[in-house]
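Chemist: The structure that follows is given in the form of structure tokens.
Listed below in structure tokens is the structure:
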């Protein structure tokens, strides 16, 4: 198998990416994925909008992994293009009865009593392929034990948590995508018109017609 760096490149990501919030090794005893424990070395790569959990051997030899999407608008677009029922994956069920409540497809809880982070999010297995069957999309339940180190804990939280609008505004300035002066008009455009939603989704895995005719497949390729 190739290194996990090549797998990250499939999704236009790298360990030098400005949007990388954390890259930490996890003890197999400190993480559960759908109540299952992976064997071997596990590394968390947390970005602003997504995070990866990768099992590897040797120095960087990729064995298996998953990607989890954190941005609600992008998840909705992916589900719609995969022709899946979006309501099935909504985590805040009260939003289904009240249209004024934004639907969320991702949740992060800090279970201080249990010493764990609990995450519920949509994702799929990853590899070197640029096309994925929409059937591989699923909702994952992940538990990760909190680090005892305060700095590590804060960085892991930023890599795992969904960023709020305020976080995203700070991210934009911090990452130097646009200036703070340009930020105001951009946020207004995103909030009022929603015009940036498709552009955001195209930054990573998209649902395209990459399989059988008429059958959408998951791909990072641009439209």
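Numbering (my numbering), first residue to last: 188 to 410. Virtual Cβ for every residue (Gly too), placed ideally from N, Cα, C.
Would you call the region 310-325 and the region 247-257 touching, i.e. three or more CB-CB distances under 8 Å?
Modeler: Yes: at least three Cβ pairs fall under 8 Å.
Chemist: Quick one: give me the first and last residue of the beta strand (DSSP E) that residue 248 is part of.
Modeler: Segment 248-256, the beta strand (DSSP E) holding residue 248.
Chemist: Please classify residue 229: does DSSP put it in a helix, a strand, or coil?
Modeler: In this structure, residue 229 counts as strand in the three-state DSSP scheme.
Chemist: So is residue 329 buried or exposed if we call it buried at 16+ other beta carbons inside 10 Å?
Modeler: With 16 or more Cβ atoms within 10 Å of its Cβ, residue 329 is classed as buried.
Chemist: Taking just the CA atoms, how far does residue 205 sit from residue 291?
Modeler: Each residue's Cα considered, the two are about 25 Å apart.
Chemist: Taking residue 255 as the reference, which of 334, 301 and 306 has the closest Cα?
Modeler: Here the closest residue by C-alpha is 306.
Chemist: At a cut of 8 Å, does the region 230-247 reach the region 206-221 through at least three beta carbon pairs?
Modeler: The region 230-247 vs the region 206-221: in contact.
Chemist: So residue 264 is in the alpha helix (DSSP H); what residue range does that whole segment cover?
Modeler: Counting along the chain, the alpha helix (DSSP H) containing residue 264 begins and ends at 259-268.
Chemist: Report the CB separation of residue 257 from residue 349 in whole angstroms; it is logged as a contact under 8 Å.
Modeler: With a Cβ gap of about 5 Å, residue 257 and residue 349 count as contacting.
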